[in-house]
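Protein chains in written order, with this note's numbering: chain P, 2 to 227; chain C, 781 to 1318. Ideal placement from N, C-alpha and C gives every residue a C-beta, glycine not left out.
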Amino acid sequence: MGEFLIYGIMALVVVIFFLVERANPEAIARFEENVLAVLLALITIVSFSQVIARYGFNSGWGGALEFTRILFAWMILFGMSYGARAGLHLGVDAVIRLFPARLFRLAALFGAFCVFAYAITLLWASWLNLFGADTKGGAIFYWNRMFQIGIGLDDLRYPEWMQETFGLQDRIQRWIAYLILPVGLALLAFRGLQAFIQIWTGERDLIIAGHEAEDLVAENRNVLKD
Amino acid sequence: MTAAILFVLVLVLLFLGVPVAVALGLSSILIIAFFSADSMSSVALQLFTASQNYTLLAIPYFVLASAFMSTGGVANRIIRFAIAAVGSFRGGLAMASVLACMLFAALSGSSPATVVAIGTIAIAGMRQVGYSKEFASGVIANAGTLGILIPPSIVMVVYSAATDVSVGRMFLAGVIPGIVAGLMLMIAIYVMARYKNLPAEPWKGVHELIEGGKQAGWGMFLIIIILGGIYGGVFTPTEAAAVAAVYAFFVAIFIYRDMGPMKDIPWVSETDSDRRRVGFSATVYGLAFFFVWMILSFFATADSETVTLSHRFWVGVVLSVAITIAYALWRGTGGVAAIPSYLTAGFPVWGRNLGLMGRNFLRAFFNEETRKVMVDASRTTIMLMFIIVNALLFAHVLTGERIPQSIAETMIGIGFNWFTFLIAVNVLLLIGGQFMEPSGLLLIVAPVVFPIAMELGVDPVHLGIIMVVNMEIGMITPPIGLNLFVTSGITGMSLMQVVKAALPFVAVLFVFLILVTYLPALSTTLPYALMGPEIVTR
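Set out below in structure tokens:
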């Protein structure tokens, strides 16, 4: 049951991203950025108000720390696929740029493939057994186990009214927090594959950024040139 | 054997243009899959728990604070203050650029941001008064590296997360070396200016210095909140960072008004009469003093049993009223009797500004510019954190294979002592710094180097500062020097030209590295005097 559910969710998210992006690439980019901005704003505001509540009113919310930490993880794990699409992830391009054009493209394809392979292996490691590894498990397996056990988080609880109206347990289930792990990795695999195809068709140069300040430099390129 | 495969795998992937994070992560995963009995589930879970690290949670906040502070206006104010302070020396504009970089570094934990924010303004200014483009770019490329040495610094947060050294001590430890490095650069500039006969700016007087300081003060108070709060034990470094982010947002939108719905609307309009201005300024000084007083006294007396909130509050009220009256007396005419009329004259200005803020309060959060800053900060955070999370995975595999221990035993067996060991660390980091992003490199090297250093009696805080200074030098040495790319990008000079231009100052930083390496007191004095020694339990 849990296994079908998680495959379903992962497939649904990836398919929606794929279809919406085909219809309107801007919309997905904006959606991704808004999710990240809201997550960042939320963790900042919650942490800040905890400090104010502690010293100003001698109170606080016991779940705040766990809440911010989970949202931080969500931000990173959701953001990694955004980063692959937007070309944020750093890499060393100095060496491959010395290669002849054909080899350069081969290396670029390999880079995109590695992103895909990384995500797939973390999702479902058993495919490596084809190559003689002895391993099992992965994010899907782990999520599924959490879903079946149904244990709750340490400090995050459902509000009273939700517990009463829906007859819920008092702690929020772990699998809800961990949902981003398989979903984020599935999106990363999708973006890796997409980059691979884009490099193949010549739409894209590389999956990596040469250095961390590429945006900053692009915005200010040659502002001081004579 | 496994160790060798792991390192070779990472290097091959890295140089084939695989993203740094994936190169680290994928090699670790493959090693685990093929050589260990660990289940991949626990590895996937580690990805999640590493993303939850509480110390690293400070990174998005610092990035956000720095993004709000990196608008052009803040850099302009800082440069104005720096010119007023040191501009009148020979080569003063270049020295002022170094000072401006140091001050800006205290608002931002990133070197490229410092180079762009200060460089775009300062290089143009230096060229106008006759400095050569090479000299100006060389100064900025080097002074920009101070961004990661002067707190708050993201690289220090990463070091603390890797080694469990306290972030507060690391930040305090960066203060003196940061100032020393800045002074060394300034002295080098002064000597070169004498030799090359570079111009000096006219001394603009104490008034300009105070005016510049006042303007820059709102921004610079950020670093006082961070260091004061951590040192006073009021908040954890992560909380300090969150407070700093909110403060930076508030200052950028409501006080400086460099961005957002109230962009470029001045506090005092040109049509306001002198009487209004004096009354308004008097109350602003009073109120500003009150807030600074409340915050600082809170930091200082947070643990005290005898001083209560109402004590501090009433002392603050009395002092700020005194300041308000004194200012009105000094600036106004008509003596004590005229004070009430001055103060009431200021009310319409207050009313207008508070009304403006109230009407725009919601729009301050939801507007295109705020959104852009939030997105930029998220992008930087993701780029850094994806590398860091995978580097943690890599470090975990290293320790799991007991690789650091075996390297430690070999090195001590060969007869390394702390002196030769630190040379080895410097060489290793200088080479590594050419190819890797600083935080990623630090997370890979720290688990190997740290235990050896502890064995040899090197101070953990001192080791951290050495590492940070090495990263700095890595940023301005080819082939992959971040600040070189940035400087070459904004000036349109070729990379080789920038390398040559930066060279004389890189030599200065090398001397500085030797100083920092063999004078531990430089790094450890301040944090240990204020917070006590760092104790390592291992």
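* Asked: Can you name the start and end residues of the beta strand (DSSP E) that leucine 157/P belongs to?
  -> Looking up residue 157/P in the first sequence gives position 156. Taken as a continuous stretch (DSSP letters only), the beta strand (DSSP E) holding leucine 157/P covers 153-158.
* Say whether chain P places a C-beta atom closer than 8 Å to the C-beta of leucine 1002/C. => Position 222 of the second sequence, counted from the first residue, corresponds to residue 1002/C. No, leucine 1002/C does not count as interfacial toward chain P.
* To do: Assign alanine 1021/C to one of two classes, buried (16 or more other C-beta atoms within 10 Å of its C-beta) or exposed (fewer than that).
  => Position 241 of the second sequence, counting from 1, holds the residue named residue 1021/C. With 16 or more other Cβ atoms within 10 Å, it is buried.
* Within its chain, find whatever has a CB closer than 6 Å to the CB of asparagine 1170/C; leave out the 5 residues flanking it on each side and keep chain order. => Position 390 of the second sequence holds residue 1170/C. Ala801, Leu804 and Gly805, listed in sequence order.
* To do: Quick one: list the residues of chain C neighbouring alanine 42/P, beta-carbon separation under 7 Å, in chain order.
  => Residue mapping note: residue 42/P aligns to position 41 of the first sequence, counting from 1. Per Cβ cutoff of 7 Å: Met1154.
* Asked: Going by C-alpha distance, which of Phe1201/C, Gly1138/C and Gly797/C is nearest arginine 106/P?
  -> Here residue 106/P refers to the residue found at position 105 of the first sequence. Closest by alpha carbon: Gly797/C.
* Asked: If you measure from the beta carbon of glycine 61/P to each beta carbon in chain C, is any gap under 8 Å?
  -> The residue labelled residue 61/P in the question sits at position 60 within the first sequence. At a cut-off of 8 Å between beta-carbon atoms, glycine 61/P makes no contact with chain C.
* Please check the pair proline 1227/C and leucine 1178/C, which I expect to be a contact at CB under 8 Å, by giving their CB distance rounded to whole angstroms. => Reading the second sequence from its first residue, position 447 is the one you call residue 1227/C. Reading the second sequence from its first residue, position 398 is the one you call residue 1178/C. Your pair proline 1227/C and leucine 1178/C checks out as a contact, with CB atoms roughly 6 Å apart and the cut at 8 Å.
* Asked: Excluding the five sequence neighbours on either side, which residues of its own chain have a C-beta within less than 6 Å of the C-beta of tryptophan 125/P, listed in chain order?
  -> For the purposes of this step, residue 125/P is identified with residue 124 of the first sequence, where counting begins at 1. A distance below 6 Å between beta-carbons, with the five flanking residues on each side excluded, links tryptophan 125/P to the following residues of its chain, in chain order: Gly139 and Ile141.
* When the Cα of arginine 1319/C is compared with those of Leu883/C, Tyr841/C, Phe842/C and Leu1142/C, which residue comes out closest? -> Missing from the structure shown is residue 1319/C; chain C here goes from 781 to 1318 and no further.
* Got a sec? Which residues, its chain only, sit under 6 Å from alanine 1233/C by beta carbon, not counting five neighbours each side? -> Position 453 of the second sequence holds residue 1233/C. Around alanine 1233/C: Leu1243.
* Excluding the 5 residues preceding and the 5 following tryptophan 75/P in the sequence, name in chain order all residues of the same chain whose CB lies nearer than 7 Å to its CB. => If you number the first sequence from 1, residue 75/P lands on position 74. Counting only Cβ-Cβ distances below 7 Å, and skipping sequence neighbours, we find Leu40 and Ile181.
* Asked: With a cut-off of 8 Å, do at least 3 Cβ pairs link the stretch 901-917 of chain C to the stretch 1158-1173 of chain C?
  -> no
* Contiguous alpha helix (DSSP H) assignments of at least 4 residues, all confined to the stretch 1073-1111 of chain C -> Complete alpha helix (DSSP H) runs here, min 4: 1089-1111.
* To do: Work out the CA separation of phenylalanine 1079/C and valine 1095/C for me, nearest whole Å.
  => As a first step, residue 1095/C must be located in the second sequence, where it is residue number 315. As a first step, residue 1079/C must be located in the second sequence, where it is residue number 299. Cα to Cα, the separation comes out at about 16 Å.
* To do: Would you check if the distance between the CB atom of valine 1288/C and the CB atom of leucine 926/C is smaller than 8 Å?
  => Along the second sequence, one-based indexing puts residue 1288/C at 508. Along the second sequence, one-based indexing puts residue 926/C at 146. For valine 1288/C and leucine 926/C, no; Cβs fall outside 8 Å.
* **Pick from Phe815/C, Ala864/C, Leu1208/C and Thr1124/C that is closest to valine 986/C, judged by C-alpha positions** => For the purposes of this step, residue 986/C is taken as residue 206 along the second sequence, with counting starting at 1. Valine 986/C has its Cα closest to that of Ala864/C, out of Phe815/C, Ala864/C, Leu1208/C and Thr1124/C.
* Just the Cα atoms here: how many angstroms apart are asparagine 59/P and valine 1097/C? -> As a working note, residue 59/P is residue 58 in the first sequence. As a working note, residue 1097/C is residue 317 in the second sequence. Between asparagine 59/P and valine 1097/C, the C-alpha separation is close to 23 Å.
* Reduced DSSP category for glutamine 174/P - H, G, I as helix; E, B as strand; rest coil -> Looking up residue 174/P in the first sequence gives position 173. In the structure shown, glutamine 174/P sits in a strand (DSSP, three-state: E or B).
* Reference alanine 880/C; option with closest CA among Phe869/C, Ala862/C and Tyr1298/C -> As a position in the second sequence, residue 880/C is number 100, starting the count at 1. Cα-wise, what sits closest to alanine 880/C is Ala862/C.
* What are the complete alpha helix (DSSP H) segments, minimum 4 residues, inside the stretch 65-134 of chain P? -> 65-87 and 102-124
* Relative to the alpha-carbon of glycine 954/C, which residue among Pro1307/C, Val1316/C, Ile1315/C and Ser1077/C has its alpha-carbon at the smallest distance? -> Translated into positions along the second sequence, residue 954/C becomes position 174. Nearest of Pro1307/C, Val1316/C, Ile1315/C and Ser1077/C to glycine 954/C, Cα basis: Pro1307/C.
* **Sequence-distant residues of the same chain with beta carbon closer than 7 Å to glycine 1040/C, five excluded per side** => As a position in the second sequence, residue 1040/C is number 260, starting the count at 1. Excluding positions up to five away in sequence, the list reads Ile1033, Ala1144, Asn1147, Glu1149 and Thr1150.
* To do: Assign histidine 90/P to buried or exposed, taking buried as 16 or more other Cβ atoms, counted over all protein chains shown, within 10 Å of its Cβ.
  => For the purposes of this step, residue 90/P is identified with residue 89 of the first sequence, where counting begins at 1. Histidine 90/P should be labelled buried.
* Separation of methionine 1191/C from threonine 1161/C, as counted between CA atoms -> Mapped onto the second sequence, residue 1161/C falls at position 381. Mapped onto the second sequence, residue 1191/C falls at position 411. Cα-Cα distance, rounded: 36 Å.
* Taking Cβ to Cβ, would you say isoleucine 46/P is nearer than 8 Å to tryptophan 144/P? -> Mapped onto the first sequence, residue 46/P falls at position 45. Mapped onto the first sequence, residue 144/P falls at position 143. Contact: no.
* **Entirely enclosed alpha helix (DSSP H) segments - the stretch 893-977 of chain C, minimum 4 residues** => 913-923, 934-943 and 947-976
* Determine the DSSP secondary structure at alanine 980/C, reduced to helix, strand or coil. => Here residue 980/C refers to the residue found at position 200 of the second sequence. Looking at alanine 980/C - three-state DSSP - the assignment turns out to be strand.
* Asked: What residues from the stretch 1218-1248 of chain C come within 7 Å of chain P, judged by C-beta to C-beta, listed N to C?
  -> Under the 7 Å Cβ criterion, the stretch 1218-1248 of chain C contributes no residue.
* To do: Please report how far the alpha carbon of tyrosine 841/C lies from the alpha carbon of arginine 1182/C, in whole angstroms.
  => Residue mapping note: residue 841/C aligns to position 61 of the second sequence, counting from 1. Residue mapping note: residue 1182/C aligns to position 402 of the second sequence, counting from 1. Their backbone Cα atoms lie some 34 Å apart in a straight line.
* Can you list, in chain order, the residues of the stretch 87-101 of chain P whose Cβ is nearer than 9 Å to any Cβ on chain C? -> Residues Ala87, Leu89, His90, Leu91, Gly92, Val93, Asp94, Ala95, Val96, Ile97 and Arg98.
* Report the rounded CA-to-CA distance for alanine 1102/C versus isoleucine 1119/C, giving the unit in angstroms. => Taking the second sequence and counting its residues from 1, the one referred to as residue 1102/C is at position 322. Taking the second sequence and counting its residues from 1, the one referred to as residue 1119/C is at position 339. The straight-line gap from Cα to Cα measures roughly 12 Å.
* Same chain, Cβ closer than 7 Å to valine 184/P, neighbours up to 5 away in sequence not counted -> Taking the first residue of the first sequence as position 1, residue 184/P is located at position 183. Hits under 7 Å: Ile10, Met11 and Val14.
* Confirm, please, whether the CB-CB distance from glycine 57/P to alanine 113/P is below 8 Å. => On the first sequence, residue 113/P is found 112 positions in, with the first residue counted as 1. On the first sequence, residue 57/P is found 56 positions in, with the first residue counted as 1. The answer is no: Cβ separation not under 8 Å.
* **lysine 994/C versus isoleucine 839/C - alpha carbon distance** => Start at 1 with the first residue of the second sequence, and residue 994/C comes out as number 214. Start at 1 with the first residue of the second sequence, and residue 839/C comes out as number 59. Straight-line Cα distance between these residues: approximately 29 Å.
* To do: Check distances from the C-beta atoms of the stretch 182-199 of chain P to those of chain C and list, in chain order, the residues that come in under 7 Å.
  => Leu182
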